[in-house]
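Participant: Going left to right, the sequence shown walks through residues 20 to 309 as our numbering numbers them.
Glycine included, each C-beta is placed from N, C-alpha and C at the ideal position.
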Amino acid sequence: MENTNEPRKSRYHDTAAAYALPNDAPEHQRLELQCQALEQLMHGSVFHAPVQQPKRILDIGCGTGRATVQLAAKFPDAQVIGIDLSAIPTLHPKPNNVEYVQGDFTELVKSGDNRFQPGTYDYVFSRLLELGMTDWPGYVGAIASLLAPGGWFEAHENDIALRDGNEAEITFPASEAFHYMARSKGLNLRVGRDLRQLMQGCGLASVEEKTYKWPFFVLPEAPQSKMIHKLVMMLPVAMGSMFDRLGGNIYSSEELDRIQEEMKEEFKQERRGPLDHFKMHVVAARKPLH
Ligand SMILES: C[S@@+](CC[C@H](N)C(=O)[O-])C[C@H]1O[C@@H](n2cnc3c(N)ncnc32)[C@H](O)[C@@H]1O
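(1) To the nearest angstrom, how far is the alpha carbon of Val-99 from that of Ser-272?
(2) Residues in the same chain with beta-carbon distance under 6 Å from Ala-36, minus the five sequence neighbours each way, listed in chain order, please.
(3) Under the criterion of a Cβ to heavy atom distance below 7 Å, does Thr-125 qualify as lining ligand 1?
(4) Flag Ala-304 as yes when its Cβ comes closer than 7 Å to any non-hydrogen atom of ligand 1, and as no otherwise.
(5) In whole angstroms, give me the CA-to-CA distance for Ser-194 and Glu-46.
(6) Please list the terminal residues of the continuous beta strand (DSSP E) segment that includes Arg-75.
(7) State the beta-bridge partners of Gln-326 as determined by DSSP.
(8) By the 10 Å Cβ neighbour count, where 16 or more other Cβ atoms means buried, how is Thr-190 classified, buried or exposed?
(9) Using the Cα positions of Glu-188 and Gln-89, report the straight-line distance between them to the nearest angstrom.
(10) Pull up the distance between the alpha-carbon of Ala-161 and that of Tyr-119, whole angstroms please.
(11) Between Lys-298 and Leu-150, what straight-line distance do the alpha-carbon atoms span, to the nearest angstrom?
(12) If you draw a straight line from the alpha carbon of Glu-126 to that of Gly-157, how long is it in whole angstroms?
(13) Could you give the distance in angstroms between the alpha-carbon of Arg-27 and the alpha-carbon of Pro-255?
(14) DSSP three-state call for Glu-126: helix, strand or coil?
(15) Tell me whether Gln-72 sits in a helix, a strand or coil according to DSSP, three-state version.
(16) Go ahead and pull the three-state DSSP assignment for Ala-187.
(17) Using the Cβ count rule (16 or more neighbours within 10 Å means buried), how would you classify Leu-238?
(18) Please report how far the alpha carbon of Thr-109 lies from the alpha carbon of Ala-44, in whole angstroms.
(19) Just the C-alpha distance for Arg-329 and His-248, rounded to the nearest angstrom, thanks.
(20) Measure the C-alpha to C-alpha separation of Asn-24 and Asp-263 and round it to an integer number of angstroms.
(21) Apart from the five residues on each side of it in sequence, which residues of its chain come closer than 8 Å, Cβ to Cβ, to Gly-222?
(22) Do you know offhand how far Ala-201's Cα is from Glu-274's?
(23) Opposite Thr-230 in the DSSP bridges: which residues?
(24) With DSSP as the reference, identify every bridge partner of Arg-182, one or two as the case may be.
(25) Do His-32 and ligand 1 come close, with the Cβ less than 7 Å from some heavy atom?
(26) If you drop the 5 nearest sequence neighbours on each side, which residues of the same chain put their C-beta closer than 6 Å to that of Glu-51?
(27) Which residues in the same chain have their Cβ closer than 6 Å to the Cβ of Leu-77, if we skip the five residues on either side of it in sequence?
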């Protein structure tokens, strides 16, 4: 189908990167809500890697800077750099040990910028880049190179496949169309489940992995999933403009509208089982000392 759609509204980054979500005030509010929901889901312990007294920390795709500022508070003796395609909004006061760098991580590491020299970071954190990175082996390889011996990489990524309470995958045409559009842009919406192998493939070791559920209903065993459940229910609306960006050269406007409508239908509570969920993988691995 010919691409006749322009993205309908919202403001976006103006780089060549694949990232398909906006960077305007409503999106910043959504990201803040998402951060808070994850903090609640993780009982306030967002950072999992057993890092000892890091001196240099990187937060890649830092969004509103919320986790960057938290890293700076947790490790006050460290210098923390937050990188993002878009300017960081001034939602959080910037601590003295934080520096923000605007740019595409993939380009920045190739640029020769002396802030991104190999072997210099003790802790690299990145969260929710499944809609941003198109070359995961290259991405993880670049981080493995930036790490100092003994340094940790910690990634939090979703496996965007709906599952029931028995972990069986639930597919429907709109979800298949979404994965197809994303793949056409080089994105892997299931990268969460690949993180362990990706890290090991780049020579990182001592892998630690934990999974968290993003449920459709508040899970009885995890009452702290209430906020993330609310966020999940908001997703089909947030997806509208994203579909235009990802699928505009594959589907017509009418087809994209139909896919979004189907997605909304599938997200109705009456359509879902009580234990349906997505899965987020939190994986940390360490660069060997020798
Ligand atoms: C879903 S948001 C998550 C933000 C933040 N990590 C959090 O957890 O709140 C993804 C962020 O990654 C940024 N991003 C995507 N691709 C990027 C790239 N190639 N280089 C730098 N930042 C990128 C986007 O601009 C966006 O702010």
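Facilitator: Considering the structure as presented:
(1) Taking the first residue of the sequence shown as position 1, residue 99 is located at position 80. Taking the first residue of the sequence shown as position 1, residue 272 is located at position 253. Taking the straight line joining both Cα atoms gives about 43 Å.
(2) Walking along the sequence shown from the start, residue 36 turns up at place 17. Excluding positions up to five away in sequence, the list reads Leu-104 and Asp-123.
(3) Start at 1 with the first residue of the sequence shown, and residue 125 comes out as number 106. Checking every heavy atom of ligand 1 against the Cβ of Thr-125, one is found closer than 7 Å.
(4) Taking the sequence shown and counting its residues from 1, the one referred to as residue 304 is at position 285. Shortest gap from the CB of Ala-304 to any heavy atom of ligand 1: 7 Å or more.
(5) Here residue 194 corresponds to residue number 175 of the sequence shown, with the count starting at 1. Here residue 46 corresponds to residue number 27 of the sequence shown, with the count starting at 1. Looking at the two C-alpha atoms, the distance is approximately 22 Å.
(6) On the sequence shown, residue 75 is found 56 positions in, with the first residue counted as 1. In this chain, the beta strand (DSSP E) harbouring Arg-75 covers 75-79.
(7) Outside the displayed range of the chain (20 to 309) lies residue 326, so it cannot be described from this structure.
(8) Residue mapping note: residue 190 aligns to position 171 of the sequence shown, counting from 1. So Thr-190 counts as exposed.
(9) Your numbering for residue 188 matches position 169 in the sequence shown. Your numbering for residue 89 matches position 70 in the sequence shown. Looking at the two C-alpha atoms, the distance is approximately 35 Å.
(10) Translated into the one-based positions of the sequence shown, residue 161 becomes position 142. Translated into the one-based positions of the sequence shown, residue 119 becomes position 100. Cα-Cα distance, rounded: 19 Å.
(11) Here residue 298 is taken as the residue at index 279 of the sequence shown, counted from 1. Here residue 150 is taken as the residue at index 131 of the sequence shown, counted from 1. Spanning the alpha carbons of Lys-298 and Leu-150 requires a straight line of approximately 15 Å.
(12) Reading the sequence shown from its first residue, position 107 is the one you call residue 126. Reading the sequence shown from its first residue, position 138 is the one you call residue 157. One Cα belongs to Glu-126, the other to Gly-157, and the distance between them is close to 12 Å.
(13) To locate residue 27, count along the sequence shown from 1; it is residue 8. To locate residue 255, count along the sequence shown from 1; it is residue 236. Residue confidence is low: Arg-27 scores 46 on pLDDT, short of 50, so the model does not pin down where it sits. Its coordinate-derived value is still stated next. Taking the straight line joining both Cα atoms gives about 15 Å.
(14) Residue 126 sits at position 107 when you count from the first residue of the sequence shown. Judged by DSSP in its simplified three-state form, Glu-126 adopts helix.
(15) In the sequence shown, residue 72 corresponds to position 53, counting from 1. Three-state DSSP puts Gln-72 in coil, outside helix and strand.
(16) For the purposes of this step, residue 187 is taken as the residue at position 168 of the sequence shown. In this structure, Ala-187 counts as coil in the three-state DSSP scheme.
(17) Taking the first residue of the sequence shown as position 1, residue 238 is located at position 219. Buried: at least 16 other Cβ atoms inside 10 Å.
(18) By 1-based counting over the sequence shown, the position of residue 109 is 90. By 1-based counting over the sequence shown, the position of residue 44 is 25. If you draw a straight line from the Cα of Thr-109 to the Cα of Ala-44, it comes to about 11 Å.
(19) Shown here, the chain extends from 20 to 309; a query on residue 329 therefore has no answer.
(20) One-based indexing of the sequence shown puts residue 24 at position 5. One-based indexing of the sequence shown puts residue 263 at position 244. Bear in mind that a pLDDT of 46 at Asn-24, under 50, signals an unreliable position, so the model cannot answer this.
(21) The sequence position of residue 222 within the sequence shown is 203, counting from 1. Only Ala-163, Lys-306 and Pro-307 meet the Cβ criterion.
(22) Here residue 201 is taken as the residue at index 182 of the sequence shown, counted from 1. Here residue 274 is taken as the residue at index 255 of the sequence shown, counted from 1. Annotation: Ala-201 to Glu-274 spans about 16 Å, alpha carbon to alpha carbon.
(23) Residue 230 sits at position 211 when you count from the first residue of the sequence shown. Under DSSP, the beta-bridge partners assigned to Thr-230 are His-300.
(24) Translated into positions along the sequence shown, residue 182 becomes position 163. As computed with DSSP, Arg-182 is found in a beta bridge with Glu-188 and His-296.
(25) Translated into positions along the sequence shown, residue 32 becomes position 13. Within the cutoff, so yes.
(26) Numbered from its first residue, the sequence shown carries residue 51 at position 32. In the same chain as Glu-51, and ignoring 5 residues on each side of it, the C-beta atoms closer than 6 Å to its own belong to Thr-83, in chain order.
(27) To locate residue 77, count along the sequence shown from 1; it is residue 58. Counting only Cβ-Cβ distances below 6 Å, and skipping sequence neighbours, we find Ile-100, Tyr-140 and Val-143.
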